[in-house]
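Peer 1: Can you keep this structure in mind? I'll have questions shortly.
In UniProt numbering, the protein residues as written are 1 to 338.
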C-alpha cells in the first residue's frame with residue numbers, strides 16, 4: 001500500500017503547535033523560540049516530512065537554497081570553500097547544497113538543467129568540463145556565478161583568482177631564497193583549453209625567464225588528479241629517475257603535501273636540500289612540519305564577492321555582469337629559507 005504523504009498539518013498536530021509555527025520553523029523565521037524550533041524539527045525528522053521546494057518557490061519566489069557545483073569533494077580546497085560559503089549563507093538564513101560533478105561535462109550539464117536549477121535561488125559553478133557553447137545554452141533566468149579559470153560568455157558574473165600572478169610570486173620567492181632548479185609539480189605547459197595547471201605553469205615559467213633561468217620542459221611534472229598520494233608517488237619517481245632540483249613550486253597545497261612526503265621518502269630535507277612552496281593556503285598547511293610556505297588566494301573575499309553577485313542578480317535579473325579577480329599574497333613558513 002502506498003504510504004500517505006505527511007503534511008504540514010500532521011507535523012503541527014504531532015508537535016502540538018499551529019501550522020503557522022511549523023511554517024515559520026521550516027522557513028527559518030526568527031519569531032520562534034529555540035526550544036519550540038528544536039521540537040518541531042525533531043517531529044519533522046521523525047515523521048519524514050519533506051519540504052516542497054517547488055511550492056515554496058511558487059509562494060515566495062525563493063527556495064532559500066544556493067547550489068555549489070564543484071569537481072570533487074575529496075580535495076581540501078573545495079571543502080574549505082564550501083564551509084566559508086555555508087557560514088556566509090547561514091548568516092542570511094539560507095542553505096547550501098553541494099554537488100560533485102567529477103569534472104564531467106555530462107554531470108555538469110545535468111546539474112545545470114532547468115529542473116535542477118529550479119531547486120535553487122542561485123548557483124555557484126566551478127565548471128571544468130563545460131565549454132563556451134555549453135555555457136551559452138544554460139537557462140539565463142536564474143542567478144549563476146562562475147568560479148574558476150575557464151573562458152565564459154560575457155553574460156556571466158564571474159569570480160576568479162590570480163593564478164598566473166600567484167605562481168609567479170611563489171617562484172620568485174624560491175629564487176630569492178636561492179633555489180635555481182625549480183620544478184613545477186602539477187603544472188602543464190599546454191592543454192586543450194586554459195586550466196589551473198597551465199595558468200600556474202605559465203606564472204612559474206615567467207618568473208624563471210625574468211630571472212635569467214631556463215624553464216626547462218623536464219622541470220614541469222604533470223599530475224592527473226592532484227591528490228596527495230599521486231604527488232608523493234610522482235615526486236618519488238622523478239627523483240629516482242635522476243631529476244636534480246633544489247626547489248619545488250607545487251600547484252596546490254595538497255600537491256605540496258605529497259611532495260613533502262616524497263622528499264622525506266627520498267631522504268631529502270625541506271628546506272635544507274629542497275625548498276617547497278604551495279598554492280591555496282589550506283588550514284592544514286600551517287600544521288605541517290615544516291610549515292608550508294604558500295600562496296593565499298584570499299578565499300574569504302572570493303566568497304563574499306561571489307555571494308554579492310548572486311544577491312545582485314536576485315534583486316535585479318538584468319544586473320550588468322561583473323568580473324572579479326581576487327588578490328594573492330605570499331605566506332612564508334618553514335618550507336623555504338626565508
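Don't be surprised by glycine CBs; every beta carbon is placed ideally from N, CA and C. Note that the structure is a prediction, hence the values are computed from the model and not measured.
Under the three-state reduction of DSSP, which class applies to residue 118: helix, strand or coil?
Peer 2: Coil, per DSSP.
Peer 1: If we ignore side chains and look at the alpha-carbon of each, how far apart do residue 62 and residue 5 end up?
Peer 2: In a straight line, the C-alpha of residue 62 is about 23 Å away from that of residue 5.
Peer 1: Can you grab the Cα-Cα spacing for the pair residue 38 / residue 238, in whole Å?
Peer 2: Computed Cα separation, rounded: 56 Å.
Peer 1: Spatial neighbours of residue 185 within its chain, please: C-beta separation below 6 Å, excluding the five flanking residues on both sides.
Peer 2: Taken in chain order, the residues that qualify are 221, 248, 250, 255 and 259.
Peer 1: Once you ignore the five residues that flank residue 252 on each side, which residues in its own chain have a CB closer than 7 Å to its CB?
Peer 2: Excluding residues within five positions, the ones whose Cβ falls inside 7 Å are 77, 186, 226, 278, 279 and 280.
Peer 1: Assuming the contact rule is C-beta atoms closer than 8 Å, residue 69 and residue 111 should be a hit. Round their C-beta distance to whole Å, please.
Peer 2: Residue 69 to residue 111, Cβ: 5 Å. Contact.
Peer 1: Would residue 339 and residue 171 qualify as a contact pair, given that the criterion is a beta-carbon distance under 8 Å?
Peer 2: Beyond the ends of the chain as shown, which are 1 and 338, falls residue 339; an answer cannot be given.
Peer 1: Just to confirm, is the Cβ distance from residue 127 to residue 99 under 8 Å?
Peer 2: The answer is no: Cβ separation not under 8 Å.
Peer 1: Report, in whole angstroms, the separation of the C-beta atoms of residue 322 and residue 309, which I expect to be a contact under 8 Å.
Peer 2: About 6 Å; that satisfies the 8 Å criterion.
Peer 1: Between the Cα of residue 160 and those of 146, 132, 166 and 122, spot the shortest distance and give me the residue it belongs to.
Peer 2: That would be 146, whose Cα lies nearest to the Cα of residue 160.
Peer 1: State buried or exposed for residue 138, treating a residue as buried only when at least 16 other CB atoms are found within 10 Å of its CB.
Peer 2: Buried: at least 16 other Cβ atoms inside 10 Å.
Peer 1: Which of helix, strand or coil does DSSP assign to residue 67?
Peer 2: Note: residue 67 maps to strand in three-state DSSP.
Peer 1: What residue from 292, 7 and 270 has the CA that sits closest to residue 46's CA?
Peer 2: Minimum Cα distance to residue 46 is reached at 7.
Peer 1: If you follow the alpha helix (DSSP H) that residue 256 is in, where does it begin and where does it stop?
Peer 2: Run containing residue 256: 253-265, per the alpha helix (DSSP H) assignment.
Peer 1: Using a Cβ-Cβ cut-off of 6 Å (strictly less than) and excluding sequence neighbours within five positions of residue 263, which residues of its own chain qualify?
Peer 2: Once the five neighbours on either side are set aside, the close Cβ partners of residue 263 are 270 and 274.
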